[in-house]
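Per the numbering used here, residue 84 is the first one in the sequence shown, and the count goes up by one each step.
Beta carbons are placed, not taken as given, at the ideal position from N, Cα and C, and that holds for glycine.
Being a predicted model, the structure only gives us computed values, none of them experimental.
Structure first, then comments.
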Amino acid sequence: MTVHFREITPENWRSLNSLKVKEEQTKYVASNVTIMARAYAFCHNKSPVYAIYHGELPIGLLMLVRQKAKRPRQIKGSVRQNPKRRAK
84 MTVHFREITP ENWRSLNSLK VKEEQTKYVA SNVTIMARAY AFCHNKSPVY AIYHGELPIG
144 LLMLVRQKAK RPRQIKGSVR QNPKRRAK
């Protein structure tokens, strides 16, 4: 059997709702309700939310989250400016 991803659809979301994680893992993953809501809310925008299957058995959920890159902090005096170069 192979492991593969499927989009979350109106036909398969109920079978995914019963998936559980161990108690000590709950702080690392979003709840099923959160993942399902995201899948529904973004279904027309190619939502990066998928069901993970082993053959025909649902074994997990995958939700990709894109975070904006943080702007690097500039430390005073860390950038030398050429005094001969004039600002335009």
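Which residue marks the beginning of the beta strand (DSSP E) containing residue i, and which one marks its end?
i: Leu145; result: 140–146
i: Arg89; result: 86–90
Helix, strand or coil, according to DSSP, for residue i in the structure here?
i: Tyr111; result: coil
i: Val104; result: coil
Less than 8 Å between the CB atoms is what I'm expecting for residue i and residue j, so what's the real figure, rounded?
i: Ser136; j: Arg97; result: According to the sequence as given, residue 136 is Tyr; it is not Ser. Going by Cβ atoms, the distance from Tyr136 to Arg97 rounds to 15 Å, so no, they are not a contact pair.
i: Leu102; j: Pro131; result: Actually they are not in contact, since the Cβ atoms of Leu102 and Pro131 sit about 18 Å apart, beyond 8 Å.
Use the C-beta contact count for residue i: other C-beta atoms within 10 angstroms, 16 or more gives buried, fewer gives exposed.
i: Ala120; result: exposed
i: Ala134; result: buried
Since residue i is in the alpha helix (DSSP H), which residue starts that stretch and which ends it?
i: Asn97; result: One detail in the question is off: residue 97 reads as Arg in this sequence, not Asn. Start and end: 96–99.
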